[in-house]
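Chemist:
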Amino acid sequence: MKKLFLAFLVFLLFFNGTSVFKVDGYRPVYVPKEEAKTIKVLPPQDITTQGKVYVKDPYIFVGDVNLGIHVIDNSDPRHPYKLAFIQIYGNHDIAVKEQVLYADNMEDLVAIDISDMQNPTLVKRVESVYKLPNQHYPENLPFQTYFECPDPSKGFIVGWIPDEIENPKCYTSY
Amino acid sequence: MKKIFYILTVFLLVILLNNCQKESADIGGGNIGGNTGKGGSMAKFTMANDHLYLINEKQLLVYDVSNASNPVEVNRLDVDFGIETVFSLRDKLFIGSINGVYIYDISEPENILYLSHYEHITSCDPVVANDTLAFVTLNSQSACRWQTGDNRLDILDIKNIVNPQLLNSKQLENPKGLGVDGSYLFVCNGMSGVQIYDISNIYQLEQVSGIAGIDAYDVIPDNNILVLVGKDGLFQYNYENIHQLELLSNILF
Numbered sequence: 574m575k576k577l578f579l580a581f582l583v584f585l586l587f588f589n590g591t592s593v594f595k596v597d598g599y600r601p602v603y604v605p606k607e608e609a610k611t612i613k614v615l616p617p618q619d620i621t622t623q624g625k626v627y628v629k630d631p632y633i634f635v636g637d638v639n640l641g642i643h644v645i646d647n648s649d650p651r652h653p654y655k656l657a658f659i660q661i662y663g664n665h666d667i668a669v670k671e672q673v674l675y676a677d678n679m680e681d682l683v684a685i686d687i688s689d690m691q692n693p694t695l696v697k698r699v700e701s702v703y704k705l706p707n708q709h710y711p712e713n714l715p716f717q718t719y720f721e722c723p724d725p726s727k728g729f730i731v732g733w734i735p736d737e738i739e740n741p742k743c744y745t746s747y
Numbered sequence: 184m185k186k187i188f189y190i191l192t193v194f195l196l197v198i199l200l201n202n203c204q205k206e207s208a209d210i211g212g213g214n215i216g217g218n219t220g221k222g223g224s225m226a227k228f229t230m231a232n233d234h235l236y237l238i239n240e241k242q243l244l245v246y247d248v249s250n251a252s253n254p255v256e257v258n259r260l261d262v263d264f265g266i267e268t269v270f271s272l273r274d275k276l277f278i279g280s281i282n283g284v285y286i287y288d289i290s291e292p293e294n295i296l297y298l299s300h301y302e303h304i305t306s307c308d309p310v311v312a313n314d315t316l317a318f319v320t321l322n323s324q325s326a327c328r329w330q331t332g333d334n335r336l337d338i339l340d341i342k343n344i345v346n347p348q349l350l351n352s353k354q355l356e357n358p359k360g361l362g363v364d365g366s367y368l369f370v371c372n373g374m375s376g377v378q379i380y381d382i383s384n385i386y387q388l389e390q391v392s393g394i395a396g397i398d399a400y401d402v403i404p405d406n407n408i409l410v411l412v413g414k415d416g417l418f419q420y421n422y423e424n425i426h427q428l429e430l431l432s433n434i435l436f
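Going down the list, the sequences are from chains A and B. The number in our numbering is simply the position in the first sequence, starting from 1, with 573 added. The number in our numbering is simply the position in the second sequence, starting from 1, with 183 added.
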């Protein structure tokens, strides 16, 4: 009976060792297709990936890479607070002139009127200023780097982040 | 009975090994060859004299924003591959690539002139400047340096902007973002926090103050308030008295 148990243990060891193959690789970051170009205001959010910080009195804008902009009301630097979150998918950078915020939204440049921060309005969209990242594989990685195979049904790929991935079926071959 | 278990174990092993082989055979499926462009393209903006300058992967685009809500494209230039950052200083524009900084004259945004190429700074290196000096941090961990370079602060004379001259260098542990205001330079130094230098005599840099205990990425000094971006959040300090900074607030991420 002991041997049976041992055999079972050995089986378990092998099962764990071979059936789930975990490696360091890259995972696509998706944004939902139908929402990709919708600019809207949301209640204050937690910060996922801190990006660029832009100070424009009385606000501090904190970018959340690929998701949008956290707006901090800094009228009183002793008591700043998160006022709102502007959803701008695929965003990396912003600039502000007067009451207009310029941002990259996916492959477009957008101009957003922020005179009423609770109701930011899109005033202009310049299309195809940028190129979306490669939707099939991550570029500029060493030969034979594993990555999670893209699934277009999950949305547009806006970037790739390093992560531990299970049973990778794709790796770079260029 | 024993035999049955051994047979069973062997049988299972065979199945597992098979499974494993199948997996390796599948690997390499979903990718396509090619070696153009660059992953994780970062949009970068800079605003100068009623114009918005932005870079995509290989071009500089110029928008007239004199009417803020209606940016109008007025110029477009092919610049280089691997460009990542753009910043402006008065009527000069600096475009950072992995092999140096390209300097342009933008006094006429519709007619941008290429001036020069400076090789010792790359797009990975944060730069700030005042009228006569530029301050740059070089970090050995940055993607441009392949972990072989120095960790240091460089101070350049930019009075002749097309031909910057290195005036002084200072070794630092892990320098990141930096900011300048008047005679003070604020340098983020990773886990060592922020170091503040008096730059009245750049040949004899003197650390006059600092902020410890914050893993600091970047700083924006403006009007006696220092906005400090750290790993854990946003901190604001009053630096009216540079020797005794006062923490005003923080917002944790």
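Glycine residues also receive a C-beta, built at the ideal position from the N, C-alpha and C atoms. All values reported here derive from a predicted model rather than from experimental measurement.
State the Cα-Cα distance for the pair residue 226/B and residue 664/A, rounded to the nearest angstrom.
Modeler: Its pLDDT being 45, under 50, residue 226/B is placed unreliably by the model, and nothing is read from it.
Chemist: Between residue 637/A and chain B, is there a C-beta pair that is closer than 7 Å?
Modeler: Not an interface residue.
Chemist: Taking residue 399/B as the reference, give the member of 276/B, 378/B, 282/B with the closest Cα.
Modeler: Here the closest residue by C-alpha is 378/B.
Chemist: Closer than 8 Å by beta-carbon distance: list the chain A residues that pair up with residue 254/B, in chain order.
Modeler: Simply 675, 682, 684, 697, 699.
Chemist: Counting only Cβ-Cβ distances shorter than 7 Å, please list the residues of the segment 387 to 413 of chain B near chain A, keeping chain order.
Modeler: Within the segment 387 to 413 of chain B, the residues whose Cβ lies closer than 7 Å to some Cβ of chain A are 401, 403, 405, 408, 410, 412, listed in chain order.
Chemist: Examine the Cβ distances between the segment 634 to 650 of chain A and the segment 660 to 675 of chain A and report whether three or more of them are shorter than 8 Å.
Modeler: The segment 634 to 650 of chain A, when compared against the segment 660 to 675 of chain A, does touch it at the 8 Å Cβ threshold.
Chemist: Tell me the rounded alpha-carbon separation between residue 728/A and residue 744/A.
Modeler: Cα-Cα distance, rounded: 21 Å.
Chemist: Could you tell me which of 413/B, 308/B, 382/B sits nearest to residue 332/B, measuring between CA atoms?
Modeler: Minimum Cα distance to residue 332/B is reached at 308/B.
Chemist: What does residue 597/A reach in chain B if we use C-beta pairs closer than 8 Å?
Modeler: Going along chain B, no residue has its Cβ under 8 Å from residue 597/A, so there is no contact; the nearest lies around 15 Å.
Chemist: Classify residue 242/B as helix, strand or coil using the three-state DSSP reduction.
Modeler: In this structure, residue 242/B counts as strand in the three-state DSSP scheme.
Chemist: Can you list, in chain order, the residues of its chain with a C-beta nearer than 7 Å to that of residue 686/A? Leave out the 5 residues immediately preceding and following it.
Modeler: Excluding positions up to five away in sequence, the list reads 672, 673, 693, 694, 696.
Chemist: If the cut is a Cβ gap below 7 Å, which residues of chain A does residue 227/B touch?
Modeler: The contacting residues are 666.
Chemist: For residue 315/B and residue 341/B, which I take to be in contact (beta-carbon distance under 8 Å), what is that distance rounded to the nearest angstrom?
Modeler: Indeed they touch by this definition, with Cβ atoms about 6 Å apart.
Chemist: Please return the same chain residues whose Cβ sits closer than 6 Å to the Cβ of residue 395/B, not counting the five positions on each side in sequence.
Modeler: Counting only Cβ-Cβ distances below 6 Å, and skipping sequence neighbours, we find 376.
Chemist: Consult DSSP for residue 432/B and reduce its assignment to one of helix, strand or coil.
Modeler: Correct three-state label for residue 432/B: strand.
Chemist: Beta-carbon within less than 7 Å of residue 255/B's beta-carbon, same chain only, minus the 5 sequence neighbours each way: which residues are those?
Modeler: Cβ neighbours of residue 255/B beyond the five flanking positions: 246, 247.
Chemist: So if DSSP puts residue 684/A in a beta bridge, which residue, or which two residues, is it bridged to?
Modeler: Residue 684/A pairs with 675/A, 697/A.
Chemist: Quick check: the Cα distance between residue 431/B and residue 410/B, rounded to an integer number of angstroms?
Modeler: Going by the C-alpha atoms only, they are around 10 Å apart.
Chemist: Determine which residues share a DSSP beta bridge with residue 132/B and list them.
Modeler: As displayed, chain B neither begins before 184 nor continues past 436, which places residue 132/B out of reach and without an answer.
Chemist: Should the segment 381 to 397 of chain B be called in touch with the segment 418 to 434 of chain B, which here means at least 3 C-beta pairs below 8 Å?
Modeler: The answer is yes - the segment 418 to 434 of chain B touches the segment 381 to 397 of chain B, with three or more Cβ pairs under 8 Å.
Chemist: Is there a Cβ from chain A that is less than 7 Å from the Cβ of residue 430/B?
Modeler: So no, residue 430/B is outside the interface.
Chemist: Three-state secondary structure (DSSP) at residue 387/B?
Modeler: Residue 387/B falls in the helix class under three-state DSSP.
Chemist: Going by the CB atoms, is the gap between residue 739/A and residue 602/A shorter than 7 Å?
Modeler: No, they are not a contact pair.
Chemist: Using DSSP with H/G/I as helix, E/B as strand and the rest coil, what is residue 735/A?
Modeler: Correct three-state label for residue 735/A: strand.
Chemist: Using alpha carbons as the reference points, say which of 310/B, 359/B, 389/B, 422/B lies closest to residue 270/B.
Modeler: Ranking the options by Cα distance to residue 270/B, first place goes to 310/B.
Chemist: Are the segment 644 to 651 of chain A and the segment 719 to 738 of chain A in contact at 8 Å, needing three or more beta carbon pairs?
Modeler: Flag = no, the segment 644 to 651 of chain A and the segment 719 to 738 of chain A do not touch.
Chemist: So does the segment 717 to 727 of chain A actually touch the segment 273 to 291 of chain B, counting three or more Cβ pairs closer than 8 Å?
Modeler: The segment 717 to 727 of chain A, when compared against the segment 273 to 291 of chain B, does not touch it at the 8 Å Cβ threshold.
Chemist: Going along chain B in order, which residues have a C-beta closer than 7 Å to the C-beta of residue 651/A?
Modeler: Going along chain B in sequence order, the residues near residue 651/A (Cβ under 7 Å) are 431, 432.
Chemist: Out of curiosity, what's the CA-to-CA distance linking residue 688/A and residue 349/B?
Modeler: Going by the C-alpha atoms only, they are around 44 Å apart.
Chemist: Measuring straight from C-alpha to C-alpha, what distance separates residue 267/B and residue 360/B?
Modeler: Cα to Cα, residue 267/B sits roughly 16 Å from residue 360/B.
Chemist: Mind listing the chain B neighbours of residue 628/A? Cutoff is C-beta to C-beta under 8 Å, in chain order.
Modeler: What residue 628/A touches in chain B: 403, 405, 410.
Chemist: According to DSSP, simplified to helix, strand and coil, what is residue 601/A?
Modeler: Looking at residue 601/A - three-state DSSP - the assignment turns out to be strand.
Chemist: Tell me which residues share the same chain as residue 412/B and place their Cβ nearer than 6 Å to its Cβ, disregarding the 5 neighbours each side in the sequence.
Modeler: Correct list, in chain order: 400, 401.
Chemist: Given residue 426/B, which residues of its chain have a CB within under 7 Å of its CB, disregarding the five upstream and five downstream residues?
Modeler: Cβ within range, chain order: 391, 392.
Chemist: Could you tell me the alpha carbon to alpha carbon distance between residue 262/B and residue 243/B, rounded to whole angstroms?
Modeler: When rounded, the distance between both Cα atoms is 7 Å.
Chemist: For residue 416/B and residue 435/B, I'd like the C-alpha separation in whole angstroms.
Modeler: Approximately 4 Å between the Cα atoms of the pair.
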